[in-house]
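**Student:** Handing you this structure, nothing more for now.
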Amino acid sequence: MILYDYILSPSCYKVRLMAALIGAPLELRPVDFHPGKEHLGEDLLALNPAGSIPILVDGDLILSESAAMLAYLAGQYAPDWLGEETATSRAMVQQWLAFAHRLTAALGGARLVEMLHGQGDLEALQTAGIAALRELEAALFKRRLDGGTWLVGESITIADVACFPYVALAPDGSISLDPYPSIRLWMRALRGQAGFVEMPGIHRRHELAPDPLTPAEGA
Amino acid sequence: MRLNASSPWIPLALSGDIPNGTVIPATLCSKPIAIWRSQSGQVNANGNRCPHRGMRLSHGFVRGETLSCIYHGWRFGQDGACQHIPAHPDVVPPASINCGPLQVAEQDGVIWVAEDQVESQPPRLDGLKPLRSLVFCAEPEAILTASGGTEVDLGVEATLAGTRICLLLQGQAPAETLCLVLVDQATSPKACAEISRALEGIRRRAEGETEKRGAA
Amino acid sequence: MIDAWYPVGLISGLTREGRETLLMEQPITVRAGKTGKPEVVTADGRSLPIVERFGHVWTSLGTPEKDLFTIPEADHPERVLVDVGVVRVKCSPLRAVENFLDIAHFPFVHTDILGAEPHTEVEKYDVKIREEEDEVWATKVKFFQPQAAKSAEEGITTEYMYRVPSPTSSVLYKTCPPRPGEWDVICLFVQPLTETLCDVWPWMALFDEDTSMTDLIHFQQLIFLQDRSILENQIPARLPLDPGMETPTRADLTSIAYRRWLKQHGYTYGAELVAQ
Amino acid sequence: MPDLMPPRRERLEILGEVNSPSFVPWIKRHSGRLGLEASAFSVAPGRIGVTVAGQPDLIDALEVGCLLGPIDVWVSAIDRAPVADLI
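Chains as they are written, first to last, in this note's numbering: chain Y, 259 to 477; chain R, -13 to 202; chain G, 10 to 285; chain V, 462 to 548.
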C-alpha cells in the first residue's frame, strides 16, 4: 500500500495516523507539494485528476479521498474502527466523516492562508471554523454526559481520526482552541492511544514516556 | 453588570474539565494564567509564562506532581517553584525562580482563583452542580438579556428547559465572556442535554445582540 | 536595520506577474522582469537593490553598506542545494532567529529526531561577537541527537557551529555523518513582514547523494514547523533586549550574544527594549 | 534532592558603559531571582564590582543575564575571580 504523502498535510497525516494506530503497513512516497507543486504534475494528475493529496494506491485500487482511505485501512486491518454494525452507528460515522470535510474547508483553509501563503477570505474561513468547532464541542459534551469519550459508540472509530488533525491544527489558522474543554479532553484521549504518531504542530504527550528523573521500577 | 463584587475569588473552570495530569489556559482579570491538576489530583494555578524564556506554560505537560514547559522542559512544583532545569541537570533551582503561583480553591465542582492571598473560602453554590463551560463572544449584559434571567453577584440566575440554572460569568477580553453553567443538583442527564442545547440558543441571541450593538 | 539585506522570495519561484508581500510593513512586489532577472518594486514604484544568492532574491529598503554575507562552504560543487520553501509565522522575526540558535529545546520540541530525554544537558560552548566580520559565532556546540539528519540511522553526538551574519539570517554548520570533516550547512533566512509577523525561508547546502530532494525538503519543513507553535506562544511577542523578566542560563549564551549584537547595532525592529 | 554542587563565592567585575543608575538595582533583582547573595557593590567609571555567592551554574546565569542587562547599559566584558576565603 503506497501513500503519496506530504509531511505538512493534515489530510495525509490522517492516513499515517490511522495506519500507525492500527498497525497497518504503509509505504510512504513523499510528494514535493510545497514549494514544488508536484501534485499538479503529470505523474500525479494521472493518478488523481483532482490534483489533491493524499493518494492511496493498493494494487489496482486508487483512492483520493482521505475518508475512504480510513475506511479501507480499517476494513482491511481493524474492522472495529468502522463502528458498530447498527444503522445508527454507521450513520453517525458517515455524519462525522462528512463533517470532517467542513473542518478541512474552514480550518484547513484558514491554515493555508495563515501559514502557507494560500488565498482565501480568512475572516470567513475562521468564522466557519469556529462554528464547526462549537458544533463539535457540543457533540463531545453530550457524549461526556453519557459517559462516552469518542464521537460514536464506546470505542474510537475512523470518525475520530478523520476529525482530529484539522481540529488539533486550528491554531495554525489563528483559531484558538482555548474555549473548548470537551474538544481538549477528546484530543488528549486520542493523543494517548497506543501507536499515536505526531505531526508538526501536534505535540506528543511527553508525560506518557518514563520520567527521566524517577528511577525505573526494579532498577 | 458588576460581577463578583463581594468575593476575591474568581470562578475560572469546572473541575470536570481538568482531570488529573492536565493543564489548561485561563484568564484572570485579563492576565493569562495556567491551571493544572497534578497526577494525585491537586489543582494549581500560576502565571501562563515560563520564567525562562516566556513560553506559555499551558502548552506544557503535567508529569507526576509537576508542570513542565514544552520549550526547554523547565519543571515547576505545586508551589510554583522551579524544580529542575534539564539543560543544567545538576543545578538545584532556588525557589525564587518560579512561575508566579496563585491561590486556588476547588469547591462545588468549580475551580476558583484569587489574585492576592485571601483567608476566606469561595462562595457556596448550594443545591447546584456544574454542567459545562462555554465562551460567549458577548458582554455579560447581553448574556443576561438573552437568558431572560436575573442578575446575581456572580452572574445570572435563570430558568432553562424548566430547570433552575446559574451562569457564573467572567469577562476575559472585550466582548468575550467565560460562562460556567451550573444546574439544579436534581437535574437528570436527559434534562442536562436539553439545557446544553438551549444554551447554544442563548449564546446565538447574546452574540447577535452584541454584534448589533457593535454595528450601531 | 533598514539598510540590511532581506530575503523576499525564491529565485526558482519568480513569476512575471510577481508576488505581493511586505518588507518591514512596506508593500513590495517581487517579480521576474522582462529579461527574467528579478525585480523588487515598492508600492510607489521605487526599484529596490537586488542580490541573487543562496537560492533567494534579497533586497533592502535602504542603502546597504556591505554586500550580502557569503557562505564559502555552500559553493562546493558536490553539495545539494535545497530550497525548502516559505512558512509564515506570527512572531517577531528576531524570535525566529533566536529559536534557531537554541539547542536546549531539541529534546522537548524535536523529540526523537534532534534530541531526546534524558540527554538534555547542554555542555559549555564558545560564543563571541567576531569584531572583524561583525558576526555572532557559537562554536564547539555539542548535543546528543537520536536522528541527526535524514541520512542518520542512530543516535550520535553532533557538533554544531552557529553564525549570525545579518539581523534576521542565521547559518548553522553541523556534523555531516556521511562526510567526516565536512559540515552540512542549514540556513534560516527570515523576511520581516512586521515586528510580530515574518516569512521564514529555510535553505540548505548538504552532502547527501542518497536522500531524495523531496525527503530533504520534508525533513527540514518537519523540523521547522515543530517550532512554529512555540514561536507563536512566547510572551511578549517581541524579543526582549532586557532579560529582566527572563532567566537566561549558560545554555542560552548564543541567544544572549545575538541579543547583545542586536542591541549594539540598534537592530530593534521586532525587539522589546524594556523588560515586561 | 542532594545539593550536588558546593556553593561558591566569586567577584564579578562588570565592564563597559555600565554607570546608568538602573543597573545596580537590576543586578540586585536578578541575583535575587537566581537565589544568589549579592554584596559589596563597588561602582567606578566604566566598572561595577559585585561579590556573589551561590551555586556555580547560577553564578554563570547571573553573568549571562548581566552581559545583556537593561537597555541603557552596554556591558563589554565581565571578569570573574573566585573569592576563596569567605565560605
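Cβ atoms here follow ideal geometry from the backbone N, Cα and C, with glycine treated the same way.
Keep in mind it's a predicted model, so treat the numbers as computed, not measured.
On a CA-only basis, which of Ala159/R, Pro11/R, Ser182/R and Gln103/R is nearest Gln89/R? Give me that one, please.
**Tutor:** Among Ala159/R, Pro11/R, Ser182/R and Gln103/R, the Cα nearest to that of Gln89/R belongs to Gln103/R.
**Student:** Within the same chain, show all residues whose beta-carbon is closer than 6 Å to that of Pro155/G, passing over the 5 residues directly before and after it, in chain order.
**Tutor:** Here the set comprises Asp121, Ala125 and Gly164.
**Student:** Tell me which residue opens and which closes the alpha helix (DSSP H) that Met276/Y is part of.
**Tutor:** Element bounds for Met276/Y: Pro268 to Ile280.
**Student:** Determine the contact status of Ser24/R and Val48/R, defining contact as a CB-CB distance below 8 Å.
**Tutor:** Result yes, Cβ atoms of Ser24/R and Val48/R sit closer than 8 Å.
**Student:** Nearest-angstrom Cα distance between Leu70/G and Tyr276/G?
**Tutor:** Their backbone Cα atoms lie some 15 Å apart in a straight line.
**Student:** Report the neighbours of Gly59/R on chain G: residues whose CB is nearer than 9 Å to its CB, in chain order.
**Tutor:** Ordered by position in chain G, the residues that pass the 9 Å Cβ test against Gly59/R are Ala113, His114, Pro116, Phe117, Glu126 and Thr129.
**Student:** Below 8 Å on the Cβ atoms is my contact criterion, and I expect Ala501/V with Thr256/G to pass it. Report the Cβ-Cβ distance as a whole number of Å.
**Tutor:** The pair is not a contact, with the Cβ atoms about 24 Å apart (cut-off 8 Å).
**Student:** Using 8 Å as the threshold, is the segment 478 to 488 of chain V in touch with the segment 522 to 535 of chain V, meaning 3 or more CB pairs across them?
**Tutor:** Judged by Cβ distances under 8 Å, the segment 478 to 488 of chain V makes contact with the segment 522 to 535 of chain V, as three or more pairs qualify.
**Student:** Taking C-alpha atoms, which residue in Arg189/R, Cys55/R, Val169/R and Cys36/R lies nearest to Gly113/R?
**Tutor:** Answer by Cα proximity: Val169/R.
**Student:** By the DSSP assignment, the alpha helix (DSSP H) with Gln69/R in it spans what residues?
**Tutor:** First-last for Gln69/R: Cys68 to His70, but that is the beta strand (DSSP E), not the alpha helix (DSSP H).
**Student:** For Phe104/G, I'd like the list of residues in its chain whose CB is within less than 7 Å of its CB, leaving aside the five on either flank, ordered along the chain.
**Tutor:** Going by the sequence as given, residue 104/G is Arg instead of Phe. Leu240, Gln243 and Leu248, listed in sequence order.
**Student:** Would Val513/V be called buried (16 or more neighbouring beta carbons within 10 Å of its own) or exposed?
**Tutor:** When all chains shown are included, Val513/V counts as buried.
**Student:** In its own chain, which residues sit with a C-beta less than 7 Å from the C-beta of Lys272/Y, not counting the 5 before and 5 after it?
**Tutor:** Cβ neighbours of Lys272/Y beyond the five flanking positions: Ser324, Leu328, Val419, Ala420 and Pro423.
**Student:** Any C-beta of chain V within less than 7 Å: which residues of the segment 260 to 271 of chain G qualify?
**Tutor:** Residues Asp261, Leu262, Ile265, Arg268 and Arg269.
**Student:** Can you tell which of Val351/Y, Val289/Y, Gly411/Y and Ala336/Y has the C-alpha that lies nearest to the C-alpha of Thr223/G?
**Tutor:** Answer by Cα proximity: Val289/Y.
**Student:** Between which residues of its own chain and Arg364/Y is the CB-CB distance below 7 Å, once the five residues before and five after are set aside?
**Tutor:** Residue identity check: residue 364/Y is Ala in the sequence provided, not Arg. Closer than 7 Å at the Cβ level, and outside the excluded window around Ala364/Y, lie Leu383, Ala386, Gly387 and Ala390.
**Student:** So, does the CB of Thr277/G fall closer than 8 Å to a CB anywhere in chain R?
**Tutor:** Not closer than 8 Å to any Cβ of chain R, the Cβ of Thr277/G fails to qualify, so no.
**Student:** Rounded to whole angstroms, what is the Cα-Cα separation between Ile232/G and Asp193/G?
**Tutor:** So the alpha carbons of these two residues sit roughly 16 Å apart.
**Student:** Would you mind telling me which residues of chain V sit closer than 7 Å to His203/R, beta carbon to beta carbon, in chain order?
**Tutor:** Only positions -13 to 202 of chain R appear in the structure, and residue 203/R is not among them; the question remains open.
**Student:** Tell me, please, which residues DSSP counts as bridged to Lys133/G.
**Tutor:** Per DSSP, none; premise fails for Lys133/G.
**Student:** What residues from chain Y crowd round Thr68/G, counting only those whose CB sits closer than 7 Å?
**Tutor:** Neighbours of Thr68/G on chain Y: none; closest Cβ ~18 Å, over 7 Å.
**Student:** Taking only beta-carbon atoms, is Arg409/V less than 8 Å away from chain G?
**Tutor:** As shown, chain V starts at 462 and ends at 548. That puts residue 409/V outside it, with no answer to give.
**Student:** Enumerate in chain order the residues of its own chain whose CB-to-CB distance from Gln285/G is below 6 Å, with the five nearest sequence positions on each side excluded.
**Tutor:** Cβ within range, chain order: n/a, list empty.
**Student:** On a Cα-Cα basis, can you pick out the residue from Tyr134/G, Pro174/G, Glu82/G and Thr167/G that is closest to Glu142/G?
**Tutor:** Of the candidates Tyr134/G, Pro174/G, Glu82/G and Thr167/G, the one whose C-alpha sits nearest the C-alpha of Glu142/G is Pro174/G.
**Student:** Find out if the Cβ-Cβ distance for the pair Gly134/R, Leu154/R is shorter than 8 Å.
**Tutor:** Contact: no.
**Student:** Which residues, taken in chain order from the segment 177 to 193 of chain R, show a beta carbon closer than 7 Å to some beta carbon of chain Y?
**Tutor:** Cβ contacts with chain Y come from Cys178, Ala179, Ser182 and Glu186.
**Student:** For a contact meaning CB atoms closer than 8 Å, what does Asp521/V contact in chain G?
**Tutor:** The contacting residues are Thr258 and Arg259.
**Student:** Identify every residue that forms a DSSP beta bridge with Ile59/G.
**Tutor:** Note: Ile59/G sits in a beta bridge opposite Thr68/G.
**Student:** Which residues in the same chain as Gly411/Y place their Cβ atom closer than 6 Å to its Cβ, once the five residues preceding and following it in sequence are excluded?
**Tutor:** If we look at Gly411/Y and ignore the five residues flanking it on each side, its Cβ neighbours are Gly341, Glu342 and Ser347.
**Student:** Go through its chain and collect everything with a Cβ distance to Phe454/Y's Cβ below 6 Å, but skip five positions before and after it.
**Tutor:** There are no such residues.
**Student:** Over what stretch of residues does the beta strand (DSSP E) that includes Asp208/G continue unbroken?
**Tutor:** Its beta strand (DSSP E) spans residues Leu206 to Leu215.
**Student:** For Tyr171/G versus Val150/G, is the C-beta spacing smaller than 8 Å?
**Tutor:** Yes, the Cβ-Cβ distance between Tyr171/G and Val150/G is below 8 Å.
**Student:** In this structure, how does DSSP classify Gln103/R when only helix, strand and coil are distinguished?
**Tutor:** It is coil, neither helix nor strand.
**Student:** Mapping the DSSP letters down to three states, classify Asp193/G as helix, strand or coil.
**Tutor:** Looking at Asp193/G - three-state DSSP - the assignment turns out to be strand.
**Student:** Please list the partners that Pro176/G has in chain V, where partner means a Cβ-to-Cβ separation under 7 Å.
**Tutor:** Under the 7 Å cutoff, chain V gives no residues; its nearest Cβ is about 16 Å from Pro176/G.
**Student:** Residue range of the alpha helix (DSSP H) that Ala447/Y falls in?
**Tutor:** Note, Ala447/Y: alpha helix (DSSP H), Pro439 to Arg449.
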